[in-house]
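Participant: Below is one structure. I have some questions about it.
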Ligand code: FES
């Protein structure tokens, strides 16, 4: 069995305020990542699900950007208010949170196997 069943990558890339591309950090992604880590740890899931800080995921206009593997589901505009729902529905339940899926990356299955809790 693989060590981690899911990886949550949160872009925490920072750019100067004058950069026209913007960045996920300016949209609160560091707080988003901290909440993923906290929420997974509180549930004892940090041994089977990893929340990683990522560099730019090349979806800057849709930030804060979060991608979850192995499903390769891309979420955009993620805020701290969305983290609990993503943990409950997607990370644990295997259900895609459709309203947050980036339009450009939509079209995959809407359900995946839930976590195996042993
Ligand atoms: S800065 Fe986050 S995707 Fe590029």
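Residue numbers (our numbering): 204 to 321.
C-beta: ideal position from N, C-alpha, C; glycine also.
For the candidate residues 312, 225 and 314, whose alpha-carbon lies nearest to that of residue 262?
Facilitator: Counting from 1 along the chain shown, the entry for residue 262 is found at position 59. Considering only alpha carbons, the answer is 225.
Participant: Measuring CA to CA, which of 264, 227, 290 and 260 is closest to residue 152?
Facilitator: Any question about residue 152 goes unanswered here, given that the chain covers just 204 to 321.
Participant: Would you check whether the ligand GDP has a heavy atom nearer than 7 Å to the C-beta of residue 303?
Facilitator: The ligand GDP is absent from the structure shown, which contains only the ligand FES.
Participant: Within a Cβ cutoff of 6 Å, which residues of the same chain sit near residue 276, ignoring the five residues on either side of it in sequence?
Facilitator: In the chain shown, residue 276 corresponds to position 73, counting from 1. Spatial neighbours of residue 276 in its own chain (CB-CB distance under 6 Å, excluding positions within 5 residues in sequence) are listed in chain order as 299.
Participant: Report the three-state DSSP secondary structure of residue 254 (helix, strand or coil).
Facilitator: Position 51 of the chain shown, counted from the first residue, corresponds to residue 254. In this structure, residue 254 counts as strand in the three-state DSSP scheme.
Participant: If distances are taken between C-alpha atoms only, which option among 293, 319, 321 and 320 comes closest to residue 312?
Facilitator: On the chain shown, position 109 is the one that residue 312 refers to. Nearest option by C-alpha distance: 293.
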